[in-house]
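From first to last, the protein sequence lines are chains L and R. For the first sequence, our numbering begins at 1 and goes up steadily by one. For the second sequence, our numbering begins at 1 and goes up steadily by one.
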Amino acid sequence: MQRKDYQDALNELRLGSSFCEEMEKKLSTERAEADEYTDEVTHVDVISPRRSHKGLAIAAAAVLLIGGAGGTVLYRNKDTFLSTTTNEDSSYYDEKSFAFPFGTVDLHGLVVNYQCDNYMGSAPVTVATEEMGEQLISLFSITDFEKLDTLEPIVKGSGEVMDFHTDYFFADFYDNGIIEIIYIQDDVYREYYKIPEDTFAKMRNIIFKDYDLGSIDQFGIKAELFSAQLRVDDYDGGLSNTEAIALASNINNIQWNERDTDGVKDSSDTITLDFESEGKKYEIILGDNGMASVEADGKMSYYSYAAEEYPYMRRTVDKGVDADCPVKYDEDDTWLAVTSVMERRGGAVYIEQEKAVLLDKDEKKEIYDALAGFEWRELLNSAVGGFDIYDTSLNFGSCSIGFWSDGKCMVSDYTAERTFMYLLKKEDYQHIRNLISEAAADYEDEDKVADYCIDHILYEDDSDQFFMLRDNSVTTGLANYTFDTGEKELKKILLDAEWKEDISGISSANTMYPVFKDLRRGILYLTTDGMMIIPDYGLKYRCSDSEKLSAYLKEMRKNAAETENTEKEEKTDNTENSEE
Amino acid sequence: MNNDSTALYAFRKYGNTVLRAAFAISGSYAEAEDIVQDVFLSLHTKPRSFNDDEHLKAWLLRVTINKCKNLRRSFRFSRTCSLDELEHSEAICEISTDGRELREEISALPKKYAEVIFLHYYEGYSIKEIAEILGKNENTVGSLLRRGRDRLRTELEREDEICREKIIKTL
């Protein structure tokens, strides 16, 4: 799909004339009573779309930076809480409040959102009923909310999250019991709490009871999969809650056709589930050839289904296979390590900030020894997953590893066409993160890191070719300008410049030049006022003297545009001539 | 901009923008209608001043996204009745049906992807700007964008395959 197709599809939608007429009438009348609509905006920020500013609107986002990369919606909206709880047939205004340590919330009528990794359907947003409100209050009354004394990004569960918000804060409950509270009054700041893990499951079961998450209702079987035993590849063990929810959803939504004979024996890969319900034993075997067998208390039945559904199910229960550590140690190799930390920006305001370090020999060895000692499992069926994009990475000459807080990690080999996914234990992720954070804490040679990034992205080879993304790719259908010469000169200008880290990311420039050589290695975004942004690492730098760089890039782009126009005109002339 | 006429001005200028955002995110024509009404009546009831049109538009989109997030109707309901609703919708018209299949795919996108896809592909906001608007980490937005795009592509490719199979069978 092209951007244009998407835009065209939506542009074909318009408001009907009678609706417009009606709205114009309403909007032309005297204002309604103030309490009828109660949106209150305390803070609205101007964000300029790329179209009008041709590039980064970093300056426009300046005010927002206070919220940081992991910031929040900086306005409050009274309508979102109380008025959304109105319901035609219930008395939703009865208070069922609970005083959490982070604020009092009316649980009756609370709007709760639920997301489960790999379970794409998610569950509907639910408005808590009076009964739910009471049950939640009973549950929370016996729950210990332990305030965590940390501002470090912490491991946020393994796939399930429930969230709600009030006028004063956003609350995210993760399935490992971590609660993240983001306050939106005056300044933005966060607090973390911990509750027992089973409290999360109890909350989910109360609020989303009607959706039978994790239960199958198929093959004449109604049962929960949370306690099922799973066999795939060399794994034989329990299902995680997220796997149970995702798999149950898949099984419930597939069209199964009963058949007389067993076709599973011809499959090359299977998912086997063993579970019990109401004293009966069940075994379901799903084959990658679109065949399944179901044993219910000793009675066999067989089914077929669309085989293309199998990979989706397989991905949800990818436990991986034992693998060697994918990192090879070479003491001459340069290692760039990047991790994000929470930095105080004054008062109670924090910003999530990337810290980069070029590791010394001892640090490299320590990290390598740790990596080599981990139990690596290669995920054979998984796409990239987890709540966030990796927050910690190691970058070597020929490959990089991104680490997710849930233990997943991605190894990108710049010479290979694909990336490889692995699974580590969460504590292993935390260990690597700690080692990198320690190494990065006092590291100050920013120019050296910037030079490494420049050298890495505009890497050394025989070619003098490089590319620049273009901002009119939609209309031209071309993604970038190609420069057959000039890369080495550009690189020299960039390396000669003195780069200082600029955590603000603020640029007043309205022109930006995104240059790259091989997209797998990243892009350098260069602005005319001396900013260099490297999104792959989340790093931002500024050089004091950017005139030479700006002039060079401007000239290169101008020439490329002129060459393109000339070629276009020649093409048109040729076409016209041939038509004649 | 005169405060008293801001809502009317905003509706005339950005009514369709809000409609498209609401549809792209909620996946439902009926919800989109309600949201359009809600957004502009809110502004009418409590007018506020804006620096310029971009400021106004940014505010409208924020409120629209927020309202989509807080829909009382269930996710499943809103995303299964969208195209049928069109027949009964008085508020919305399609000026052509060319993009109908794609709209069907757009409406089926999970909300978390729909928001970022709309802001990026329709409004042209960068990942950084979207991260600020939605209060999410830039990396998360990048990931959502990639996954949403893959999902749209997969759905479209799936449909293509079904079509191809049908043609082969017919032959």
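Glycine residues also receive a C-beta, built at the ideal position from the N, C-alpha and C atoms. The model shown is predicted, which means the values in this text are computed figures rather than measured ones.
Asked, Found
"For Pro592 (chain L), the residue or residues it bridges with in DSSP", "Chain L is shown from 1 up to 580; residue 592 (chain L) falls before or after that span and cannot be answered."
"His36 (chain R) (DSSP reduced to helix, strand or coil)", "First, the residue type needs correcting, since residue 36 (chain R) is Val and not His in the sequence shown. Helix, per DSSP."
"Ile27 (chain R) in three-state terms, based on DSSP", "With the sequence shown as reference, residue 27 (chain R) is identified as Gly, and Ile is not the correct amino acid for it. Looking at Gly27 (chain R) - three-state DSSP - the assignment turns out to be coil, as it is neither helix nor strand."
"Under 9 Å by beta carbon: chain L residues contacting Ile106 (chain R)", "Tyr6, Ala9 and Leu10"
"Tyr303 (chain L): first and last residue of the uninterrupted beta strand (DSSP E) it sits in", "Lys299 to Ser304"
"Simplified DSSP state of Tyr443 (chain L), which is helix, strand or coil", "coil"
"Minimum C-alpha distance to Gly133 (chain L) - residue among L:Leu148, L:Ser340 and L:Val111", "L:Val111"
"Neighbour-count burial assignment, Ala439 (chain L), 16 or more Cβ in a 10 Å radius", "buried"
"For Phe483 (chain L), three-class secondary structure by DSSP", "strand"
"Chain-ordered chain R contacts of Val204 (chain L) [CB-CB under 7 Å]", "A small correction: the amino acid at residue 204 (chain L) is Arg; Val does not occupy that position in the sequence shown. Residues of chain R passing the Cβ test: none, with the nearest at roughly 16 Å."
"The ligand MN heavy atom lying under 7 Å from the CB of Leu41 (chain R)", "Of the ligands one can find in the structure shown there are none, so the ligand MN has no counterpart to examine."
"Partner residues on chain R for Cys20 (chain L), Cβ-Cβ distance less than 9 Å", "Phe11, Arg12, Gly15 and Ala91"
"Inter-residue spacing [alpha-carbon to alpha-carbon] between Tyr305 (chain L) and Ser293 (chain L)", "11 Å"
"Short CB-CB distance (under 8 Å) between Glu24 (chain L) and chain R", "yes"
"Cβ pair Lys111 (chain R), Ile35 (chain R) closer than 8 Å", "no"
"Test: Leu8 (chain R) CB closer than 8 Å to a CB of chain L", "yes"
"Where Gln465 (chain L) sits in the DSSP three-state scheme", "coil"
"Glu21 (chain L) classed as buried or exposed, judged by whether at least 16 other C-beta atoms fall within 10 angstroms", "exposed"
"When L:Ile367, L:Val515 and L:Tyr6 are compared against Phe483 (chain L), the one with the closest alpha-carbon", "L:Val515"
"Chain R within 8 Å of Leu13 (chain L), Cβ atoms only", "yes"
"Selection from R:Tyr113, R:Thr6 and R:Glu101 that minimises the alpha carbon distance to Ala9 (chain L)", "R:Glu101"
"Rounded straight-line distance, which links the Cα of Arg542 (chain L) to that of Gly100 (chain L)", "Reading off the sequence shown, one finds Phe at residue 100 (chain L), where the question assumed Gly. Each residue's alpha carbon lies about 44 Å from the other."
"Cβ-based neighbour list, Lys491 (chain L), same chain, cut-off 6 Å, excluding 5 preceding and 5 following", "Leu458"
"Collapsed DSSP secondary structure at Gln229 (chain L) in the structure displayed", "strand"
"Rounded straight-line distance, which links the Cα of Leu8 (chain R) to that of Leu148 (chain L)", "48 Å"
"For Lys488 (chain L) and Arg315 (chain L), the rounded distance between their alpha carbons", "44 Å"
"At least three beta-carbon pairs within less than 8 Å, the region 57-71 of chain R to the region 34-49 of chain R", "yes"
"CA-to-CA distance, Lys328 (chain L) to Glu375 (chain L), given in whole angstroms", "15 Å"
"Residue from L:Leu524, L:Leu107 and L:Leu15 whose Cα sits closest to the Cα of Gln135 (chain L)", "L:Leu107"
"Arg377 (chain L) to Ala30 (chain R) span [Cα, whole Å]", "47 Å"
"Proximity winner among L:Lys517, L:Ser393, L:Glu24 and L:Thr270, relative to Asn654 (chain L) (alpha-carbon distances)", "Because chain L in this structure spans residues 1 to 580, residue 654 (chain L) falls outside the shown range and cannot be described."
"Residues of its chain near Glu258 (chain L), where Cβ-Cβ distance is below 8 Å and the 5 sequence neighbours each way are ignored", "Ser301, Tyr302 and Tyr303"
"Contact the region 443-452 of chain L vs the region 418-426 of chain L: 3+ CB pairs below 8 Å", "no"
"Reference Val105 (chain L); option with closest CA among L:Asn176, L:Gly177 and L:Ile181", "L:Ile181"
"Nearest-angstrom beta carbon gap, Leu213 (chain L) and Leu586 (chain L) [assumed within contact, 8 Å]", "With chain L covering only 1 through 580, there is no way to say anything about residue 586 (chain L)."
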